[in-house]
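Written out as structure tokens, the structure reads:
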């Protein structure tokens, strides 16, 4: 232990003399960890936004066999049946707390100049009880839309990301004009990336008759779900799927999270290979620069093990320095940065990058592995050097 | 002759590179008595450094036996050989081979890290060794702050500090001017005469060899003559 510590300290003290090649390791690994953490934080943030959406005591009904609201159509004849499903909560007047909603794609502008692009945004037609159903939806500016009028309220995420949606702005969808009358927040969930309007106004403007994309309902409790699903199964007229709202939004994030996870792995792996060779090269050159010193220590009587461990420790410390640097840069640059991307509905979802301690830990594990793999072969070479040849410096 | 501390019997050393092999030492016998100061002389390529490396346990013979301090060292494995060197051999190299980032004191303490001595005992032993070589006042200097002669004295202190059985010196004055070289050789002579250290020194400099008590000349991998007293 005494030997290892002494040689390691000696190696570390010599780092300033080899600053250039030591920086290759630090910066190479900082790059890998920075990119890895940043990309994973994107998936993490996106997943967190979608998972934060919905409650487990709210029911989400879609047409049978479809996976997203946009491809789902609930025909007008089954809506009354769905409203009377058992296990749904009712308001003071005895009406079931249900909102049959229409979701359509509209276009908004994002960015300026060369960055400018028209992007798809969800316009959600909400029934009057839909607002009551979602207590998390709070008006932060202006007022709610008036049923029957072409008015929209804009989610906070959409208001931050897209142009021309400020209060009083007039938007053109399908040739008709819609006025922005308010902005709402919804605890940072996916609805904040949407525009909301009155369901019936949307149905008539978009020629959807009496149909809906989905139906949201307040269940009496989260335990009501199996009874409701059984009732649906028992009625052959109801070719629909029912799940909790939480389950629906979680499934929406899955595909994106998987894709980004794969992309992240590929990009990080390619960068890691580069950083690994950088580390190998630097440590080989460190060992080669110090070969006379190492051989002298071996001649004096130090065994191979402390030499191996000291070279490894140096590689690991440099790698970890790079890892911490990369994670810190990712945190400073990306944590809580708001962006938007296409969700499963082919519409934009705004979300924040989330650089969590777990992701930074993951980055540091990668850094450690690169340091270990990059340090081991040079360390073994250092220990196996023939002392007589190494003493001659060649 | 007093007790032999080094005994080489029928030692040959052949280096092989690819299909070529060069016999550097040929069936060599040598004995060095305890308390001797032996100068190994000879032209470049005569095999003197190879012989020194065998005696110091840095290399192993192709055939023959090398017994140093009672140990048949050609049979030791690498890690045990390293430990053996730590106990029995003090090395002095031509270019000093000090650790550039360590002070003179810490350089001298290095071999003591292999012992069970405490930090304060190590410091005390190193201080004494530096005093013996006349450099107590340079203990906190780093190698780049020392002259060539001073650096070699630190290296000698490092070789001495663990009280090894033999001192092995490879051209210890090869990088020094005449005056400084004589001072270093005088120091080695003192260590031999007053402290009874067994010293084996490779040199091609006849003046340096005069400081030794015996000289052995080598040529083409063999001893050219009997030891000169």
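Residue numbers (this note's numbering), protein chains in the order written: chain A, 1 to 394; chain B, 395 to 623. Positions of the beta carbon are idealized from the N, C-alpha and C atoms, including for glycine.
Let me make sure I understand the geometry here. Which of the options has the alpha-carbon closest to that of residue i?
i                     : options                       : result
residue 105 (chain A) : A:114, A:119, A:305 and A:98  : A:119
residue 302 (chain A) : B:585, B:472 and B:448        : B:472
residue 383 (chain A) : A:318, A:322 and A:312        : A:312
residue 38 (chain A)  : A:75, A:145, A:354 and A:367  : A:354
residue 95 (chain A)  : A:102, A:198, A:83 and A:101  : A:83
residue 243 (chain A) : A:122, A:68 and A:141         : A:68
residue 60 (chain A)  : A:237, A:213, A:310 and A:254 : A:213
residue 605 (chain B) : B:437, B:579 and B:590        : B:579
residue 30 (chain A)  : A:167, A:381, A:390 and A:364 : A:364
residue 43 (chain A)  : A:263, A:319 and A:309        : A:263
residue 51 (chain A)  : A:189, A:156, A:333 and A:326 : A:189
residue 35 (chain A)  : A:370, A:334, A:350 and A:375 : A:334
residue 558 (chain B) : B:429, B:403, B:412 and B:409 : B:429
residue 85 (chain A)  : A:228, A:255, A:357 and A:393 : A:228
residue 93 (chain A)  : A:129, A:177, A:141 and A:73  : A:129
residue 268 (chain A) : A:40, A:6 and A:5             : A:40
residue 501 (chain B) : A:266, A:123, A:107 and A:296 : A:296
Is it the case that the Cβ atoms of residue i and residue j are separated by a distance below 7 Å?
i                     : j                     : result
residue 433 (chain B) : residue 398 (chain B) : no
residue 420 (chain B) : residue 568 (chain B) : no
residue 565 (chain B) : residue 488 (chain B) : yes
residue 28 (chain A)  : residue 186 (chain A) : no
residue 246 (chain A) : residue 56 (chain A)  : yes
residue 133 (chain A) : residue 202 (chain A) : no
residue 485 (chain B) : residue 299 (chain A) : yes
residue 400 (chain A) : residue 158 (chain A) : Residue 400 (chain A) lies beyond the residue range present for chain A, which begins at 1 and ends at 394; the question has no answer from this structure.
residue 15 (chain A)  : residue 279 (chain A) : no
residue 551 (chain B) : residue 523 (chain B) : yes
residue 218 (chain A) : residue 58 (chain A)  : yes
residue 142 (chain A) : residue 191 (chain A) : no
Is residue i helix, strand or coil by DSSP?
i                     : result
residue 491 (chain B) : coil
residue 401 (chain B) : strand
residue 311 (chain A) : helix
residue 566 (chain B) : coil
residue 53 (chain A)  : coil
residue 613 (chain B) : strand
residue 451 (chain B) : coil
residue 11 (chain A)  : helix
residue 100 (chain A) : strand
residue 218 (chain A) : strand
residue 428 (chain B) : coil
residue 516 (chain B) : helix
residue 290 (chain A) : coil
residue 93 (chain A)  : coil
residue 269 (chain A) : helix
residue 112 (chain A) : coil
residue 132 (chain A) : helix
residue 381 (chain A) : helix
residue 144 (chain A) : coil
residue 442 (chain B) : helix
residue 591 (chain B) : coil
residue 413 (chain B) : coil
residue 501 (chain B) : helix
State yes or no: is the beta carbon of residue i nearer than 7 Å to at least one beta carbon in chain E?
i                     : result
residue 387 (chain A) : This model lacks chain E altogether, as its protein chains are A and B.
Would you decide whether residue i is buried or exposed? Buried here means 16 or more other CB atoms lie within 10 Å of its CB.
i                     : result
residue 611 (chain B) : buried
residue 443 (chain B) : buried
residue 331 (chain A) : buried
residue 514 (chain B) : exposed
residue 367 (chain A) : buried
residue 198 (chain A) : buried
residue 270 (chain A) : exposed
residue 336 (chain A) : exposed
residue 171 (chain A) : buried
residue 591 (chain B) : buried
Below 8 Å on the Cβ atoms is my contact criterion, and I expect residue i with residue j to pass it. Report the Cβ-Cβ distance as a whole number of Å.
i                     : j                     : result
residue 388 (chain A) : residue 452 (chain B) : 5 Å
residue 508 (chain B) : residue 3 (chain A)   : 7 Å
residue 18 (chain A)  : residue 286 (chain A) : 6 Å
residue 458 (chain B) : residue 406 (chain B) : 6 Å
residue 468 (chain B) : residue 454 (chain B) : 5 Å
residue 553 (chain B) : residue 540 (chain B) : No, residue 553 (chain B) and residue 540 (chain B) are not in contact; Cβ-Cβ is about 16 Å, not under 8 Å.
residue 418 (chain B) : residue 408 (chain B) : 7 Å
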